[in-house]
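Reviewing the structure listed below.
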Amino acid sequence: MTTALILAGRRDGLTDPLALEAGVSHKCLAPVAGSPMLTHVAAALAASDGIGEIRVAIEDPEVLAGVPLLRRLLDSGRMMPVAARPNLVDSILAAAQGAQFPLFITTADNVLLTPEAVADMLGQCGTPGTDAAVAFARRESALAAHPEGQRKFYRFAEGSYSNCNSYWLKDRAALTAAETFRSGGQFVKHPMRIVNAFGFLNLVRLRLGIGTLAETFARFSRRFGMTIAPVILSDGAVAIDVDNSRTRAVAAELLNARMAVAQAAE
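Sequential numbering of the sequence shown, starting at 238, is according to the numbering used here.
Following this line, the structure appears as structure tokens:
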């Protein structure tokens with residue numbers, strides 16, 4: 238079984254604008270479609286056949302106990318809270334202590350994650366020789382899910398992609414790949430972080446769209462001394478994470494549509 242890790246801590250210890258607007262301590266508790274963000278992610282992971290334990294990195298584990306679904310998962314032993322650290326990488330390293338690998342890592346604002354998308358990623362990560370994987374969705378898939386959901390894409394020779402905030406590590410040795418995010422991640426919004434993580438030439442190549450996605454990750458693999466593979470998810474909605482009021486509204490629209498379909502099926 239794969240252990241799941243949900244990163245739910247406050248970035249740089251600051252209160253997110255969405256949390257302030259909702260009057261909650263953490264962004265992960267801000268409601269989307271009537272439920273805290275974190276519950277959507279936790280529910281998707283709990284319904285995934287390939288996922289065993291679910292770990293949640295958050296500063297104050299007590300905040301989880303106030304949410305009914307999370308309380309049930311905690312009481313059942315399926316969910317385990319771990320103390321988030323000020324830095325994203327340190328949170329991952331701390332949360333991985335004693336965990337069973339492989340490790341699937343996602344974020345609490347990845348509210349459109351589904352059990353099918355998790356299965357899609359885990360199924361593609363089983364390629365022999367792969368040490369770590371990063372999930373992407375094609376631009377066409379993301380825009381088909383919602384035309385206003387994602388506006389920023391990485392451009393490559395064969396097309397453009399969006400990151401899906403989903404990562405996979407084969408074993409403890411692969412944790413060195415987590416150092417990529419010590420500067421904070423969100424590379425498409427902060428290009429200088431690419432320089433810190435991957436080098437200046439790789440920033441230039443990304444800016445100019447030189448090379449395919451696979452070729453780019455081959456270079457990253459050589460830089461880190463392990464095989465890091467891109468995984469293309471078929472569900473473009475997973476590329477839409479909740480970062481602001483616009484994406485929260487988009488996510489709520491899609492989640493409500495899913496719930497309406499599920500109710501009609503019943």
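Every residue, glycine too, gets a C-beta built ideally from N, C-alpha and C.
- Residues Ala374, Ser378, Ala379, Ala381, Ala382 of the same chain have their beta carbon placed closer than 6 Å to that of glycine 473, with the five preceding and five following residues left out of the count.
- Here the segment 344 to 361 does not lie against the segment 452 to 462, with fewer than 3 beta-carbon pairs under 8 Å apart.
- Of all alpha-carbon atoms in Cys401, Ile295, Ala451, the one lying nearest the alpha-carbon of alanine 394 is that of Ala451.
- Counting C-beta atoms within 10 angstroms of its own C-beta, arginine 485 has 16 or more neighbours from the protein chains shown and is therefore classed as buried.
- Taking cysteine 265 as the centre and dropping the five residues before and after it, the same chain places the C-beta of Ala245, Met274, Leu275, Ala345 closer than 6 Å to its C-beta, in chain order.
- Of the other Cβ atoms in all chains shown, 16 or more fall within 10 Å of the Cβ of valine 300; this residue is therefore buried.
- The Cβ atoms of leucine 251 and aspartate 357 lie no closer than 8 Å to each other.
- Excluding the 5 residues flanking it on each side, methionine 316 has same chain C-beta neighbours closer than 6 Å at Ile291, Leu310, in chain order.
- Serine 399 and isoleucine 295 have their C-alpha atoms spaced approximately 26 Å apart.
- Considered as a whole, the segment 301 to 367 harbours 305 to 313, 325 to 332, 352 to 361 as its complete alpha helix (DSSP H) runs of no fewer than 4 residues, in chain order.
- Per DSSP, asparagine 402 is one residue of the beta strand (DSSP E) stretching across 396 to 406.
- For alanine 455, the uninterrupted alpha helix (DSSP H) segment begins and ends at 450 to 461.
- Within the DSSP secondary-structure output, alanine 294 pairs in a beta bridge with Leu244, Val319.
- Going by DSSP, alanine 370 is part of the beta strand (DSSP E) stretching over 369 to 375.
- By the Cβ rule, the segment 357 to 370 counts as touching the segment 401 to 408, because three or more pairs are nearer than 8 Å.
- If you check the CB distance, alanine 256 and alanine 267 come in under 8 Å.
- Residues Thr239, Ala241, Leu282 of the same chain have their beta carbon placed closer than 6 Å to that of isoleucine 288, with the five preceding and five following residues left out of the count.
- The beta carbons of alanine 489 and valine 355 sit no closer together than 8 Å.
- Scanning Ala411, Val326, Gly314, Val487 for the CA closest to the CA of proline 339 turns up Ala411.
- The C-alpha of arginine 388 lies about 16 Å from the C-alpha of asparagine 347.
- Phenylalanine 461 and leucine 492 have their alpha carbons spaced roughly 37 Å apart.
- CA-to-CA, the gap between glycine 360 and leucine 325 works out to about 26 Å.
- Residue environment for proline 467: buried (at least 16 other C-beta atoms within 10 angstroms of its C-beta).
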